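Protein chains in written order, with our numbering: chain A, 72 to 396; chain B, 72 to 396; chain C, 31 to 418; chain D, 31 to 418. Here a beta-carbon is modelled for each residue, glycine too, at the ideal position from N, C-alpha and C. Quick caveat, the model's predicted, so the values are computed rather than measured.
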Amino acid sequence: MAEITYLEAIREALFEEMERDPNVFMLGEDIGAYGGAFKVTDGLLAKFGESRVIDSPISEIGIVGAAAGAAHMGMRPVVEMQFIDFIANAYDMLTNYVATARYRAFLPTPMVVRGPSGGYVRGGPFHSQNPEAGFIHTPGLKVVYPSTAADAKGLMKAAIRDDDCVLFFEHKYLYRRIKGEMPAGDHVVPIGKARVARQGSDLSIITYAATVYKALDAAEQLEREDGLSVEVIDLRSLAPLDDAAIVATVKKTNRVLIVHEDTRTGGVAGEITARINETCFEWLDAPVLRVTAHDVPLPYAPSLEDFVLPQTPDIVLAARRLASY
Amino acid sequence: MAEITYLEAIREALFEEMERDPNVFMLGEDIGAYGGAFKVTDGLLAKFGESRVIDSPISEIGIVGAAAGAAHMGMRPVVEMQFIDFIANAYDMLTNYVATARYRAFLPTPMVVRGPSGGYVRGGPFHSQNPEAGFIHTPGLKVVYPSTAADAKGLMKAAIRDDDCVLFFEHKYLYRRIKGEMPAGDHVVPIGKARVARQGSDLSIITYAATVYKALDAAEQLEREDGLSVEVIDLRSLAPLDDAAIVATVKKTNRVLIVHEDTRTGGVAGEITARINETCFEWLDAPVLRVTAHDVPLPYAPSLEDFVLPQTPDIVLAARRLASY
Amino acid sequence: MSSPRSATTRGAGRAGRSNASQSPTVASVPDADTTLTRAQRLELYYWMRLTRSLEERLVNLYRQTKVVGGLFRSLGQEADAVGSAYALRKGDILSPLIRNLGSMLVKGATPLEILKQYMAKEDSPTRGRELNIHFGDTERGFIGQISPLGDMVPVMAGVTLTFRMRGEDRVGLVYVGDGATSTGAFHEGINFAAVQRCPLVVIIENNGYAYSTPTSKQSLVKQFADKGIGYGIPSETADGNDVIATYEATKRAVDRARRGEGTSIVELMTYRRKGHAEHDNQSYVPDGEGERWARENDPIDRYVARLTSEGATAQELADIDARVQREIDAATDIAELSGVPEPLDALEGIYADPPREQPLWFREGKRAAVEENERPEGWGTYDTSGDL
Amino acid sequence: MSSPRSATTRGAGRAGRSNASQSPTVASVPDADTTLTRAQRLELYYWMRLTRSLEERLVNLYRQTKVVGGLFRSLGQEADAVGSAYALRKGDILSPLIRNLGSMLVKGATPLEILKQYMAKEDSPTRGRELNIHFGDTERGFIGQISPLGDMVPVMAGVTLTFRMRGEDRVGLVYVGDGATSTGAFHEGINFAAVQRCPLVVIIENNGYAYSTPTSKQSLVKQFADKGIGYGIPSETADGNDVIATYEATKRAVDRARRGEGTSIVELMTYRRKGHAEHDNQSYVPDGEGERWARENDPIDRYVARLTSEGATAQELADIDARVQREIDAATDIAELSGVPEPLDALEGIYADPPREQPLWFREGKRAAVEENERPEGWGTYDTSGDL
Ligand SMILES: Cc1ncc(C[n+]2csc(CCOP(=O)(O)OP(=O)(O)O)c2C)c(N)n1
Ligand SMILES: Cc1ncc(C[n+]2csc(CCOP(=O)(O)OP(=O)(O)O)c2C)c(N)n1
Ligand SMILES: [Mg+2]
Ligand SMILES: [Mg+2]
């Protein structure tokens, strides 16, 4: 079976879900005739028509709120943020309205907010963001951030079928660089389950999205040069976190490095460190370490962006420190 | 010298700073003739006039953005969110525009965004929030959250004089319940420095805002009933965090309990736990534990709110576990 | 149909609020009265009276500290709420604001629900999770608002977008205050609804103030109906203290929406006679302004006079008043019997899946249920035992 | 002054965009031409030519992959940018958008800065931190935009609020596209400016599209100038491809602002002839539409014809063209010499205090500077040794 890209996998999931369920529809800026800034929704208009692939005004509050209203009525909207950075405009609507709707008003709000995320692409401070930390903090929202083509498809299907709001972050660096075979049949990846991207016994790297590949490269190098057996956990879901998988790898290797592309302070790594402390402190042979971006807006010049974001050598260095602790 | 309330201390700081510096002005909804929903700005209009105490339309994006523009021009605006919950509406303006202005455009943006925060007041899901976690994550912003009347005044003066944007969270439960004497003279409390609220040697409770008092009550009880010597650290500033103070107390007591009123997942406690891991793992005799709110929107009925929020007995229980670890 | 923004309505409406020397009474749009039967016109009286009396009962309960949190009044705005909601039919959905108790009652909310909700009872519509009249029932056709103003406009745009997509002839109605028109959410929501031709009626309740802020500090428009021009949609200003004029203006917009003509604005001129909430002493209100509205432009007094002139008997109206009192007394007795919410209910239903949160471990000893959820090892709240 | 929204301007403007069979040319408002000297009118030509030629040079550099990231064109919109900015004077502040290269040049940005910025050079105005023309200089009077659309409107409301508070006779000008008018930030910002009587001119550049979205899917208004009515402020539609008409309409609004009459909207009718950015193939544009605008309504061709008819000689214009080429060639040579930013500069100046971030510990060995910042103990980046 032929391989398809991470981007095509997302499109395939959207296509299949729209075919499967007439309540699924797309809402966003330039997603129709143009097919979206990255062409993720390309072809959907032709197949499903204007009433199910809606080009909206430039109104992130408006389209996220409208999606919520439609979801209350039984629809399953999928909203595109042209770049995920603009989800900040809908922060009130998502955290105050959408996230609380079921709890305070018993209103089902099955909807997906998706968009191109992440850096390493010379996008500058407003086209490279990783907004997960601002949302895993809000009870009522779910957050996924896949790294493989198969997970991108399977998690998108799960997100669309989920009865609550799921924020689906797509890493634009992976869109066309990553390919994979799609499992046959109705491929759904459950939300809240991590993936062991690489088995190992000496130490664990917990990460997600684009840095999964940097962690895997580092693991290779550490095996080659240091004979270290490194386990790599791809979280896939950030809310809810897969505590079982985190605890399992800690108890297996007793050394944990958390890697994320997002800035350091207040990032997801902090929450994971706290949970490891609470659930398996006794199993730790070394402190939980973090490799993250520096705490600055992401600059645009390649030399600056490369310095600010975490790179494979950083992971190698940190892992060596951890192993030798 | 007479004691004044936490609320009066904030008002006194605003008053003195407006007198000291003609560039300081107030912007917000109903802050003029009405003096604000909690009367924090009461009397400022009469003293300083309409041009420096501006009643705005209901436009959080508008007033935060306008404050930034005025700050670029050399003013020092203080913006009131009628309830801090509505800062979510300005999330894009604060995290994308204000936080990055100096870095990307070398524009000084000295401004304060302040407002009544926190629960224990039967305010329900939209009048009780603690939004700090959503903002300490953003490089370029500073965040303070005082617990005493003196710190409220001293930190407000520091915030207004700071050359960057400071988010100043005022705990509405403390507004009128807490009183204190104001140190004489120009009382400024530096941003980024924690306060040892209680000396102790057996274990440390790191907290801030309203839960400082619950921690102090718990410490009393633990001393009385268990003979435990509990140190209580009042962070006061959440961005930047006072790493030196955190490290110092960890190295002193080797046992740490972090308490915050905010929900658990993605809260500030995670970041602090990670930093303790990184800086003084070797000094820990027990896992770093968290006492926080449950991960739900804050309900309004007293029985529900009291259950969701952290209470003194929770802290006592967790501290006992920690001490006996 | 004549221009939706006839100078008379505007001028009068404006004067009604801003010009102290002039009577605030606003001439209502003539005609169409006949579209309502006698029974319906008496029903309108019932809803307005029920709204006012129920709020008066809430004031008593508030003074007895039986109301949890603040109390918000719609005194003097009963006609605007009742008359506009009355223009909808079954299947339509309405999004009320804090001053739309009357709209909710018309849509089927019961006094018992309102009382339990304000008292945060365990069997109140939100089980004690949300305040005052923040609750909804999409079956009956009203949806629970949240506090951040303006947010319900995009939400109702989506609700009505669905009606349009499905080819249903249902209509949505959303209320915003003069103040809420300044929010980005209002703007993005109404513009989206307009462009998408959503069957939505946006009611702007122009009651002179947003908390303490007069409309002159909220916007430079003379009439908020002018905002319709900025969105390319029809708009109309009507006398919100005339229940029939309110009904008729709203009905015109509702009929346009049902005919597939999209989104409209109806501005209802009224006046907030009480403070923003009970705690507000209205120090910012010019002397005599509220009294004048009470004296010259009380929506219930005006409607009683009109009904009487149209042949309703004093007995008929007295019977309605008595019925209202009976219903409120009965509801109060029942509401007071209900208990407070069970603490553990706070952890139910944040998500469909998982259905509940586990109590945090440090709640040991606080409740039996917490004990059970204690994990044998570790400190966390995560039941990972199964997977290890 | 005659009504700012004369039917002629509107109708023509609309036809110019929406009616394929009709010429897009828009009749410019007559008179006031005389307010510009001959030298000034030639200067306007210089700025338009410089804008176009500089962008053409950027296209070459882009094809040579010397431009980092995307390239945005204002081809066909040079008159709207140049003419509007020309209505300001020293001390005034302008907030440009991606298609306002011309405005920035008029306000003193140099081709050298633009080239270095697009090439992300270490000595570019943002030292490689921000993209394309996202930079500013409050001294010269232009302010750096950010990507989230609409955000600059509240910011400029605050800038001009300051002018008003200080009694300075300075004016602000902010550009938004037809698409950006749909944002909450635009709404809250312009309404705030209106109510506060800020000396602000809001230019709506109606160029037919927002990325791929036609204005018909952005708003139902016939003219975006109508939005002024919804905010109670004066508005006017002008021919954005006529540099003189653009200058005059903007000047009227600027003069109102300077006289203390507050905020105005000026809608400039123009057309985006290239795609949203260079990568966009414009598949969504009706056949021939762009070509027709190029043929019949190119702002530079139109202005050359006008200048010539007013007596400018071919030699004068050729001299300007030559000067423009010389300046761009010189700037390119210098710009190419500059180096890339030093990585550690990425950690400078997030705050005034602290002045810089420390490199994270795992960057050991990567740079000497990082070595120095290594802590002897622990794993963190926090220099707490002093306090212990
Ligand atoms: C986004 C937002 N900002 C501020 C508030 C606080 N607030 C609650 S009601 C109110 C005034 C509302 O005035 P208006 O919209 O005219 O409605 P009215 O109370 O007059 O019916 C304000 C400012 C809020 N609820 N939401
Ligand atoms: C809040 C926000 N949403 C989406 C975008 C992505 N985006 C960038 S430019 C653009 C189109 C802008 O159209 P318009 O305002 O008409 O300006 P023009 O490009 O036509 O000059 C969009 C949707 C953005 N920058 N900001
Ligand atoms: Mg009002
Ligand atoms: Mg445009």
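Quick one: using the 10 Å Cβ neighbour count with 16 as the cut-off for buried, is arginine 286 of chain C buried or exposed?
buried
Tell me threonine 76 of chain A's beta-bridge partners as DSSP assigns them.
A:Lys250
Between arginine 185 of chain B and ligand 1, is there a pair consisting of the residue's CB and a ligand heavy atom that are separated by less than 8 angstroms?
no
Against chain A, with Cβ distances strictly below 9 angstroms, would phenylalanine 352 of chain B count as a contact?
yes
Under 7 angstroms, CB to any heavy atom of ligand 2. Which residues pass, going along the chain?
A:Glu100, A:Asp101, A:Ile129, A:Glu131, A:Gln153, A:Phe154, A:Phe157, A:Asn160, D:Leu127, D:Ile128, D:Arg129, D:Ser177, D:Pro178, D:Leu179, D:Gly180, D:Val206, D:Gly207, D:Asp208, D:Gly209, D:Ala210, D:Thr213, D:Glu235, D:Asn237, D:Tyr239, D:Ala240, D:Tyr241, D:Arg302 and D:His306
At which residues does the beta strand (DSSP E) containing threonine 267 of chain D begin and terminate?
265-269
Give, in chain order, every residue of the segment 205-217 of chain C whose Cβ lies closer than 9 angstroms to some Cβ of chain D.
Thr211, Ser212, Thr213, Gly214, Ala215, Phe216 and His217
Have a look at the DSSP bridge pairing and note the partners of glutamate 378 of chain C.
C:Arg386
Quick one, are the C-beta atoms of valine 359 of chain B and threonine 336 of chain B less than 9 angstroms apart?
no
In three-state terms, what does DSSP make of threonine 95 of chain C?
coil
In chain order, what are the residue ranges of uninterrupted alpha helix (DSSP H) at least 4 long that sit wholly in the segment 272-346 of chain D?
273-288, 319-326 and 329-339
Could you list the residues in the segment 226-241 of chain D with a C-beta less than 7 angstroms from some C-beta on chain A, going in chain order?
Ala240 and Tyr241
Note down the Cα distance separating serine 272 of chain B from threonine 324 of chain B, rounded to an integer number of angstroms.
5 angstroms
Here's the rule I'm using: 16 or more other beta-carbon atoms within 10 Å means buried, otherwise exposed. How should asparagine 201 of chain A be labelled?
buried
Does the distance from the CB of glycine 99 of chain A to the CB of methionine 144 of chain A come in under 9 angstroms?
no
Using a Cβ-Cβ cut-off of 7 angstroms (strictly less than) and excluding sequence neighbours within five positions of arginine 303 of chain C, which residues of its own chain qualify?
Leu105, Gly106, Gly320, Trp323 and Ala324
Please confirm if methionine 134 of chain D has its CB atom under 9 angstroms from at least one CB of chain B.
no
In the DSSP assignment, find the unbroken beta strand (DSSP E) run with alanine 265 of chain B in it and report its ends.
Counting along the chain, alanine 265 of chain B falls outside any beta strand (DSSP E), and DSSP gives it neither H nor E.
Considering Cα atoms alone, identify which of D:Glu108, D:Pro244, D:Arg82 and D:Gly209 is closest to valine 315 of chain D.
D:Pro244
DSSP on valine 251 of chain D, reduced to helix/strand/coil?
coil
Could you give the C-beta distance for proline 384 of chain C and methionine 78 of chain C, rounded to a whole number, given that I count them as a contact under 8 angstroms?
Between methionine 78 of chain C and proline 384 of chain C the Cβ distance is about 45 angstroms, and since that is not below 8 angstroms, they are no contact.
Do you know offhand how far glycine 190 of chain B's Cα is from histidine 306 of chain C's?
22 angstroms
Please name the residue or residues paired with cysteine 236 of chain A in a DSSP beta bridge.
A:Met182 and A:Leu212
Along chain A, in chain order, which residues have C-beta atoms closer than 7 angstroms to that of threonine 293 of chain C?
Within chain A, no residue comes near threonine 293 of chain C; the closest Cβ sits about 12 angstroms away, beyond 7 angstroms.
Looking at lysine 224 of chain B and isoleucine 262 of chain B, is the spacing between their C-beta atoms short of 9 angstroms?
no
Contact list for glycine 136 of chain B against chain C, beta-carbon separation under 8 angstroms
Within 8 angstroms Cβ-Cβ: nothing; glycine 136 of chain B doesn't reach chain C, min ~11 angstroms.
Would phenylalanine 96 of chain B and arginine 173 of chain B be called neighbours here (beta carbons separated by less than 9 angstroms)?
no
What do you get for alanine 117 of chain A, buried or exposed, if any count of 16 or more other CB atoms within 10 angstroms of its CB means buried?
exposed
For arginine 157 of chain C and serine 368 of chain C, the rounded distance between their alpha carbons
11 angstroms
So, is histidine 309 of chain C buried or exposed, given that buried needs 16 or more other C-beta atoms within 10 angstroms?
exposed
For the segment 178-188 of chain A and the segment 237-254 of chain A, state whether three or more C-beta atom pairs, one from each stretch, are separated by less than 8 angstroms.
yes
In this structure, does DSSP put glutamate 302 of chain A in helix, strand or coil?
strand
When you compare the CB of methionine 97 of chain A with every CB in chain C, is at least one pair closer than 9 angstroms?
no
Taking the C-alpha atoms as reference points, what is the distance between leucine 80 of chain C and proline 178 of chain C?
28 angstroms
So what does DSSP say about asparagine 236 of chain D, is it helix, strand or coil?
strand
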